[in-house]
Amino acid sequence: MSDSDGLAKREHWGSRVGFIMAAAGSAIGLGNIWRFPYLVGKDGGAAFVVIYLIITLFIGLPVMIAEFAIGRAAQKAPVLAFKALNVSPFWSLIGWMGTIAGGFLTLSFYNVVGGWTIKYIISSLTGLMEIADAGNSGDFFSSFIGQSYQVIVFQALFLAITMGVVIGGVSKGIERACKVLMPTLFVIMIILIIRSVTLPGAEAGLKFYLSPDFSKLTGETFLDALGQSFFSLSLGLGIMLTYGSYIGKEEQLPSSSAWTAGLDTVIALLAGLAIFPAVFAMGFEPGSGAGLSFITLPAVFAKMPAGMIFSFLFFLLLFFAAVTSSMSLLEVAAAFAIEKFHMTRKEAVYGVGFIILVLGIPSATSLAGGPKIYGKDFFDAAEYVCNNVLLPLGSFLASVFVGWFWLPQAIKEITNDGKLKFGWLNTWIWCVRFVAPLAIAYIFYAGLKW
Ligand code: PHE
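Sequential numbering of the sequence shown, starting at 1, is according to this note's numbering.
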């Protein structure tokens, strides 16, 4: 079978488990292990977790089902999908926005952090623990990100690994890698949790993480939770739409979506369980923002017996999570080039990879200082625009499209032409028609601040 152009028979996932592992691989990423815990720390602990869960169930999951349905019906990558469905060209905006603005921009900063994980895997074994033990993990991090050439080298390495897998194709590259990496990730996570919760003094962390104080909620909490839910579930950029386009017609979309969103949520919750008890047990503060994984945690590991091994395992986990997500971002951009310009997969991956590397350079170098965009460096600006603007906007448009302009076809797609019973169909319709668009619009209005 050739997938070298859009006219050849379209490649599909090899099996249901393989597809769910690939979708979960996309969803589970830096968002779950790096970002979710630091937002919990910043946005007030357990109360944020509760809001996050509600948003994921009533907004994230329904939007995911919608994206899968569009993708499977169209059998095309996002930019061409709406044309294939014969709907107004306006909706192609979802595809363009997702692929060009979202896919490329997200991957450009995602790779930078992906590169950090490689640096930290190596450093864990070569002296990071001594540095962190002396209280210098913050200096270590700032001097690393201050040397742009190092950041770029690791970023390029990370991207090269991602490209290596995506060149292999949908089932032989991405699916195969995810089927090995995702279970391994889970095992590492369990080892880290056991270590963390058995440390003396772990209870304070469990309390912070598990007992909500709703007085801490602000408009920003909701915006953060919403942006995080979309980011973590890989929604709004056409990723799940693309993955949906490789799903066979006999597959059950609602249950596959529930599995994907469920695994993603469980891993985010488990990441908090691995991190907070250890952070509190070792006497650190949880609210250190983006530095939680890269500054606070090395210091936490350095104080543990055999900390080097746990540090190594943690960053390996982070790397596995990141690389299975970056594959999905690259796949969307590559699928676009394959279908739109009739490139071979190899040409598409090389071409797109090169553009993304170049686009990532401002993100990488901005960490060392340099021009700011209205007070934010390029990296923060790219992250903000993607998570708080493009992802919610893409998800808003996808739910409005499905809920108001394409509902009968969507229902046909989701129920496999009426053959499949979906008990939550009416709830889902409510969510995509009203709950998701209104909540996104409101949260936007209330919480959007540069
Ligand atoms: N879901 C991934 C994560 O949690 C990130 C991602 C976002 C991947 C959007 C693809 C699209 O890290």
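C-beta atoms are modelled at their ideal positions from N, C-alpha and C, and glycine is treated no differently.
By a beta-carbon distance limit of 8 Å, A202 contacts S196. Their separation comes to about 6 Å. Per DSSP, reduced to three states, the secondary structure at I100 is helical. The beta carbon of L357 lies closer than 7 Å to those of A156, L159 in the same chain, with the five residues before and after it left out. One alpha carbon belongs to T260, the other to V63, and they sit about 12 Å apart. Under the criterion of beta carbons closer than 8 Å, F310 and V79 do not qualify as touching, at roughly 43 Å.
Taking each of F378, I118, R345 in turn and checking the Cα distance to V151, the smallest one comes out for I118.
With at least 16 other beta carbons inside 10 angstroms of its own, I65 counts as buried. The region 344-352 makes no contact with the region 44-58; the number of CB pairs closer than 8 Å stays below 3. The beta carbon of G31 sits closer than 6 Å to at least one heavy atom of the ligand PHE. Relative to the ligand PHE, L241 has its C-beta separated by 6 Å or more from all heavy atoms.
Within the model, the alpha-carbon separation for L273 versus I193 is close to 6 Å. Listed as beta-bridge partners of I121 by DSSP are no residues whatsoever. Around the beta carbon of A134, fewer than 16 other beta carbons lie within 10 angstroms, which makes this residue exposed. Cβ atoms of L253 and A69 come within 8 Å of each other, at about 6 Å.
Cβ atoms of G236 and L438 stay farther apart than 8 Å, at about 16 Å. Going by DSSP, Y374 is part of no alpha helix (DSSP H) at all; its letter is neither H nor E.
The DSSP assignment places 176-197 as complete runs of the alpha helix (DSSP H) inside the region 154-204, in order along the chain (cut-off: 4 residues). Under the three-state reduction of DSSP output, I309 falls in the helix class. With a contact defined as Cβ atoms closer than 8 Å, F48 and T221 qualify at about 6 Å.
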